[in-house]
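First up is the structure itself, then whatever we jot down about it.
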């Protein structure tokens, strides 16, 4: 593989060690320093996905990293996406298109056949950017998976990329995990690791100094930095996200998101977390639902299975009780499909047959084999009770779903799309809403508008309160870059980048 660009790879001793954020931070830093930089992850496993302008599907983590780099996300940044459908199987997406559903064993057997797709995607980026920051997955020390590795050391060899290995000290045992990871690798692989990073540190770094010296002596690899644990409002990788454990209700407005077993695209609601006036919490049990000001049913990779879970857990009954008291309920994608009267799966896309819906919208969903994938714009339509300043408001988002939802006659259409279609429905009281548009709250000031109305409904005066979601996001990227720049030896990082890796 030819490599005209400079490359640097971030690997971790474990999942959720902060690889995605470190990659995003370096993308931002290199951009600030005047370089054309792009992120890359050959294989991502996550239910948070995104649709590019070309209608192709990729992982949200690389979208976040592309935003940090100030570039348009493209599918070449994540050529393979695995979307888990069960504990042992995933939908496999290659170059943004569905290859099929595979068991873990079937996918493992086919990985070598997918390597040319990874190479082609990487080569395309190599011709367009000065620097590519590559993110690994899980740990390179997963020795049972090393033979067909295309995402950790296998990718580092292909890209001739020096590696920075990050360990999560917040979990404990960081020195053991760094040492063990290094020593489980082949000698050639160990030589590719040019720096160690201690991530998510709390406390005085001077206390760590003896340990830093010892790990350097034992591995022969320098520690290039210690990154403090600092809260930042940025998109997370997947369902390991700590934000999904949020239970607090300290804000003036309480928004509850149902934490479905196969929750997907929970990044749809991250914009609310940047607002200090909001408590956004994720609910797994009926007893924790309480009396929220807004209740959201999110997307899911398994609509019918998660609807059955809602019933068995008692959450469906609790949601219906809230809806009876006119608590606003919003369903997005799979959550929208659940709100209707019936779900029909004639082609066995999910589990086949039909299932009764929640009955909050007079609608019916039919699952279809073809997946709808598109970015979209539109304008709000509804309704007789809709405020004038709300009607005709522009919305943007992207669709990722298998199925169509039909109005059975007693719902109002909510959004007129630029391609002539309509999206979404609401009930006649305008208290229950559904839409297929992911990212609908990210554009413009729709999220802020919704929050202002929720404040007013509670008798609170929002005054001149406003929230600029795009400005907030850019500020968070700059904070991330400043944190990592001040924590890492950037002179050393640039030296590692310049020397590269001949392998």
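Residue numbers (this note's numbering): 54 to 556.
Just so you know, even glycine gets a beta-carbon here, dropped at the ideal spot from N, CA and C.
This structure is a prediction, so every number in the text was calculated from the model and none was measured.
Secondary structure of residue i, DSSP reduced to three states
i           : result
residue 434 : coil
residue 454 : strand
residue 537 : helix
residue 542 : coil
residue 547 : helix
residue 366 : helix
residue 489 : coil
residue 133 : strand
residue 245 : helix
residue 406 : strand
residue 103 : strand
residue 465 : strand
residue 429 : strand
residue 397 : strand
residue 268 : helix
residue 274 : coil
residue 117 : helix
residue 514 : coil
residue 449 : strand
Straight-line Cα distance separating residue j from residue i
i           : j           : result
residue 448 : residue 162 : 43 Å
residue 57  : residue 114 : 25 Å
residue 556 : residue 247 : Bear in mind that the predicted position of residue 556 carries a pLDDT of just 48, short of 50, making it unreliable; the figure below should be weighed with that in mind. Approximately 13 Å, taken between the alpha carbons.
residue 271 : residue 243 : 12 Å
residue 549 : residue 212 : 14 Å
residue 153 : residue 144 : 6 Å
residue 187 : residue 85  : 18 Å
residue 379 : residue 528 : 36 Å
residue 149 : residue 109 : 4 Å
residue 263 : residue 542 : 18 Å
residue 293 : residue 159 : Its pLDDT being 47, under 50, residue 293 is placed unreliably in this model, and the coordinates cannot settle the point.
residue 111 : residue 100 : 10 Å
residue 343 : residue 413 : 19 Å
residue 170 : residue 133 : 8 Å
residue 94  : residue 167 : 14 Å
residue 398 : residue 348 : 26 Å
residue 76  : residue 92  : 7 Å
residue 172 : residue 214 : 14 Å
residue 156 : residue 254 : 37 Å
residue 90  : residue 96  : 19 Å
residue 311 : residue 228 : 37 Å
residue 350 : residue 383 : 6 Å
residue 509 : residue 502 : 11 Å
residue 354 : residue 313 : 10 Å
residue 533 : residue 74  : 8 Å
residue 445 : residue 434 : 6 Å
residue 116 : residue 260 : 37 Å
residue 374 : residue 481 : 18 Å
residue 530 : residue 405 : 44 Å
residue 330 : residue 197 : 47 Å
Residue i versus the options, residue with shortest Cα-Cα distance
i           : options            : result
residue 535 : 386, 152, 280      : 280
residue 409 : 364, 170, 136, 286 : 364
residue 269 : 249, 503, 397, 182 : 249
residue 165 : 203, 185, 370, 157 : 203
residue 357 : 67, 138, 60        : 138
residue 307 : 140, 72, 511       : 511
residue 266 : 278, 513, 330      : 278
residue 322 : 141, 479, 450, 544 : 450
residue 411 : 367, 258, 456      : 367
residue 276 : 284, 258, 400, 282 : 258
**Item:** Three-pair Cβ contact test at 8 Å for the segment 214 to 223 versus the segment 234 to 249
**Value:** yes
**Asked** Unbroken beta strand (DSSP E) runs of length 3 or more, entirely within the segment 138 to 179: which are they?
**Response** 142 to 147, 150 to 156
**Asked** In the segment 171 to 238, which residue ranges form an unbroken alpha helix (DSSP H) of at least 4 residues, counting only runs that do not cross its ends?
**Response** 206 to 212, 227 to 236
**Message:** If contact is defined by three or more beta carbon pairs under 8 Å, each pair taking one atom from either stretch, is the segment 484 to 501 in contact with the segment 357 to 375?
**Reply:** no
**Asked** Does the segment 311 to 319 come close enough to the segment 496 to 507 to have 3 or more Cβ pairs within less than 8 Å?
**Response** no
**Request:** Examine the Cβ distances between the segment 111 to 127 and the segment 65 to 82 and report whether three or more of them are shorter than 8 Å.
**Result:** yes
**Request:** Please confirm if the segment 126 to 144 is in contact with the segment 174 to 182, defined as three or more CB-CB distances below 8 Å between the two stretches.
**Result:** yes
**Prompt:** Hey, is the segment 424 to 435 in contact with the segment 376 to 393, meaning 3+ C-beta pairs nearer than 8 Å?
**Reply:** no
**Request:** Please list the segments of the alpha helix (DSSP H) lying wholly inside the segment 311 to 370, counting only runs of 4 or more residues, in order along the chain.
**Result:** 323 to 326, 356 to 366
**Message:** Does the structure place the segment 509 to 517 close enough to the segment 414 to 425 that three or more beta carbon pairs sit under 8 Å?
**Reply:** no
**Prompt:** How about the segment 189 to 200 and the segment 64 to 72: do they share at least three Cβ pairs that are nearer than 8 Å?
**Reply:** yes
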